[in-house]
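Number 85 in the numbering used here belongs to position 85 of the sequence shown; there are no gaps in the numbering.
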Amino acid sequence: MKLFKNIIIAVAGLLISASCNGQKTHKEADVAPDKNGKALVVFFSHAGENYSVGNIKVGNTKIVADYISEITGADQFEIVAEKSYDMPYKDLIKLAQDEADHNEKPAYKGYVKNLSDYDTIFIGGPVWWGTYPQVMFTFFDKHTAEMKSKTIIPFTTHEGSRLGNCVNDIEKTFPDAIIQKGFCIYGHEVRTNKAKVEKWLKGLGY
């Protein structure tokens, strides 16, 4: 199983080439977001069996989202899929690949109240097969119009994929938004390296 996991990570590494500083695009902002504006963290996080960190009760991305909210005062909306992803890691890899191959858009629970009231949207999740989990794209499709002119700050947790194609996919999905450089952190670091998140947010002006 360990060999299989290593192969998967290696393949994912070959499929992507972005760094944790993001990819420069025509929409990417060079100035800090308005720290006095209203901010929201939209994220998907996977608890249960995870690569490198084992079976966890709180997902890696959730921990980063909590750091962001603590430091910036941002509200949160966690994207929770209606289907279950509670399964062995090797099965999750296969399911994630199937969803990506078929461009599946899984349903999720709940909704964001008054998304138009927010100025800055942090968007975070793990990298599954080169980009965000498909259930996040369900959310994106629903709120594309409301993201116009908002500042979007992508972030990921990963074990080698870094930002994958997440920044590019965010730009394609929200062409009228202002995209900040992306941030990524290893999943196995999030519990012991809050300072990395603090440094990133300080660089944004928080």
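Think of the CB as a built atom: it goes at the ideal place given N, C-alpha and C, for glycine as much as any other residue.
Within 10 Å of its beta-carbon, does Lys150 have 16 or more other beta-carbons around it, so buried, or fewer, so exposed? Under this definition Lys150 is a buried residue.
Cβ of Thr131 within 7 Å of Cβ of Cys166? For the 7 Å CB-CB criterion, Thr131 and Cys166 form a contact.
If you draw a straight line from the C-alpha of Gly37 to the C-alpha of Glu70, how long is it? If you take the alpha carbons of Gly37 and Glu70, they lie about 15 Å apart.
What does the alpha-carbon distance come out to for the pair Glu49 and Lys172? Annotation: Glu49 to Lys172 spans about 31 Å, alpha carbon to alpha carbon.
Pick from Pro175, Met147, Ile153, Ala107 that is closest to Ala65, judged by C-alpha positions: For Ala65, the nearest C-alpha among the options comes from Ile153.
Please state whether DSSP places Val53 in a helix, a strand or coil. The three-state secondary structure of Val53, taken from DSSP, is coil.
Which residue wins for smallest C-alpha separation from Glu104, given the options Val135, Gly160, Glu189? Selection Val135, Gly160, Glu189 evaluated against Glu104 yields Val135 as nearest (Cα-Cα).
Closest Cα partner of Ala35 within the set Lys113, Pro106, Thr120, Pro88: Here residue 35 is Lys; the residue named in the question, Ala, does not match the sequence. Residue Thr120 is the option with its Cα nearest to Lys35.
Quick one: what does DSSP say Asp212 is sitting in, helix, strand or coil? With the chain covering 1 to 206 only, the question about residue 212 has no answer from this structure.
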